[in-house]
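Each remark here refers to the structure printed beneath this line.
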Amino acid sequence: DTAVSQTPKYLVTQMGNDKSIKCEQNLGHDTMYWYKQDSKKFLKIMFSYNNKELIINETVPNRFSPKSPDKAHLNLHINSLELGDSAVYFCASSPGQGAGGYTFGSGTRLTVV
Amino acid sequence: DQQVKQNSPSLSVQEGRISILNCDYTNSMFDYFLWYKKYPAEGPTFLISISSIKDKNEDGRFTVFLNKSAKHLSLHIVPSQPGDSAVYFCAASASYNQGGKLIFGQGTELSVKP
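Here's what the structure looks like:
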């Protein structure tokens, strides 16, 4: 009964590959997010979706493509993976478009070799 | 250009004493501030928040203080317990921002020693 679940938890892949990370929330929230935690530990927003509509696209390379088939799911597809994409990616959801009520997933550690 | 900064990467405190974690911000448009706690291999979990119309918010052992003129907030934990050992992230938001965007600091790792 995990509120925000993302899979896989760990992902090791070679440069140039394409990979996807899946995220699902069972909280009935309208807004979902992807955040990236880089090597300097900062958590930075990448995307937010509200009811399947893209709200924030934070100048992320277009190799990153979010897909929201319904408001409970927000998947992240990454094409042509680069070494610099290695990071921990966190999915989150919130009831509305305000900053309160965020629930984070446990993260996906992506390592590109 | 980091708009939210936590200048202490780590803090060590004795059990039972007070822990004070600090956070500075630069954007005067921020009007809502949050603290998150993170254990290894888990996502951040919400701890406490404060609106810019207040200067203090308290929830049990946790109190957040906001000094708008100094663009500074702090989290006080008293008394500290070993289970409080985690990374604490400060985050800020501006209500003009659509989409609920949070700007995070880089975290402070708190270690509470028995």
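These protein sequences, in sequence, are chains S and F. Per our numbering, the very first residue in the first sequence carries number 1; after that it's consecutive. Per our numbering, the very first residue in the second sequence carries number 1; after that it's consecutive. C-beta atoms are modelled at their ideal positions from N, C-alpha and C, and glycine is treated no differently.
Just the C-alpha distance for residue i and residue j, rounded to the nearest angstrom, thanks.
i        : j        : result
F/Pro44  : F/Ser28  : 25 Å
S/Val4   : F/Leu73  : 29 Å
F/Leu66  : F/Lys56  : 6 Å
S/Cys91  : S/Met15  : 23 Å
F/Ser69  : S/Ile56  : 30 Å
F/Ser12  : F/His76  : 14 Å
S/Gln97  : S/Ile21  : 23 Å
F/Ser85  : F/Asp24  : 22 Å
F/Glu15  : S/Ser94  : 34 Å
S/Lys9   : F/Pro40  : 13 Å
F/Ser93  : F/Ile50  : 11 Å
F/Gly99  : S/Asn50  : 7 Å
F/Ser111 : S/Ser65  : 38 Å
S/Thr13  : S/Leu43  : 22 Å
F/Glu42  : S/Arg109 : 11 Å
Among the options, which one has its Cα closest to the Cα of residue i?
i        : options                                : result
F/Ser10  : F/His72, F/Ser51, F/Thr63, F/Phe89     : F/Phe89
F/Ser18  : F/Thr63, F/Thr26, F/Phe30, F/Lys101    : The residue asked about is misnamed: residue 18 of chain F is Ile in this sequence, not Ser. Ranking F/Thr63, F/Thr26, F/Phe30, F/Lys101 by Cα distance to F/Ile18 puts F/Thr63 first.
S/Asp70  : S/Glu53, S/Leu11, S/Asp18              : S/Glu53
F/Glu53  : F/Gly60, F/Ala70, F/Asp31, F/Tyr36     : The sequence shown places Ile at residue 53 of chain F, rather than the Glu named in the question. Nearest C-alpha to F/Ile53: F/Asp31.
F/Gly107 : S/Cys91, S/Tyr102, S/Tyr10, S/Ser39    : S/Ser39
S/Phe104 : S/Met32, S/Val12, S/Ile21              : S/Met32
S/Thr59  : S/Ser68, S/Lys67, S/Ser48              : S/Ser48
S/Val112 : S/Thr2, S/Gln6, S/Leu11, S/Thr7        : S/Leu11
F/Gln81  : F/Ile20, F/Phe33, F/Pro114             : F/Pro114
S/Asp18  : S/Ser93, S/Pro66, S/Ser86, S/Ile78     : S/Ile78
S/Asp30  : S/Leu83, S/Ala99, S/Thr13, S/Arg63     : S/Ala99
F/Val4   : F/Val112, F/Glu109, F/Ile103, F/Leu110 : F/Ile103
F/Ile48  : S/Lys36, S/Pro66, S/Arg63, S/Gly101    : S/Gly101
F/Pro79  : F/Arg61, F/Trp35, F/Lys101, F/Asp1     : F/Arg61
S/Ala72  : S/Gln25, S/Gln37, S/Arg109             : S/Gln25
Per DSSP, what are the beta-bridge partners of residue i in this structure?
i        : result
S/Pro25  : A quick correction: the sequence has Gln, not Pro, at residue 25 of chain S. Bridge partners of S/Gln25: S/Val4.
F/Leu11  : F/Leu110
S/Tyr49  : S/Met32, S/Leu54
S/Ser20  : S/His77
S/Pro66  : S/Leu76
F/Asn22  : F/Ser74
S/Leu11  : S/Leu110
F/Asp31  : None, per the DSSP bridge assignment.
S/Thr103 : S/Ser93
F/Ala94  : In the DSSP output, where bridge partners are listed per residue, F/Ala94 has none listed.
S/Gln37  : S/Leu43, S/Val88
F/Tyr88  : F/Lys37, F/Thr108
S/Val60  : DSSP output for S/Val60 lists no bridge partner at all.
Whose Cβ in chain S lies nearer than 7 Å to the Cβ of residue i?
i       : result
F/Lys37 : What F/Lys37 touches in chain S: nothing, since even the nearest Cβ is about 11 Å away.
F/Ser49 : Gly100
So with CB distances below 9 Å, who are the chain S contacts of residue i?
i       : result
F/Leu34 : Ala99, Gly100, Tyr102
Below 8 Å on C-beta distance, what does residue i contact in chain S?
i        : result
F/Pro114 : Those within 8 Å of F/Pro114 in chain S number zero; the least Cβ separation is about 26 Å.
Looking at residue i and the ligand MG, is the gap between the Cβ and the nearest heavy atom below 8 Å?
i       : result
S/Ser86 : As far as ligands go, the structure on display features none, and thus does not contain the ligand MG.
Report the neighbours of residue i on chain F: residues whose CB is nearer than 7 Å to its CB, in chain order.
i       : result
S/Lys41 : Gln106, Gly107
S/Thr13 : Near S/Thr13 there are no residues of chain F at all, since even the closest Cβ is about 20 Å away, more than 7 Å.
S/Phe90 : Gly43
Would you mind telling me which residues of chain F sit closer than 8 Å to residue i, beta carbon to beta carbon, in chain order?
i        : result
S/Ser106 : Ala41, Glu42, Gly43
S/Asn50  : Gly99
S/Ser94  : Gly100
What does residue i touch in chain F if you count any residue whose Cβ is under 9 Å from its own?
i       : result
S/Thr31 : Gly99, Gly100
Which residues, in chain order, does the stretch 52 to 82 of chain F contribute to contact with chain S at a C-beta distance below 7 Å? none
Contact residues within the stretch 80 to 112 of chain F, judged by C-beta distance below 7 Å to chain S: Phe89, Ser93, Gln98, Gly99, Gly100, Lys101, Leu102, Phe104, Gln106, Gly107
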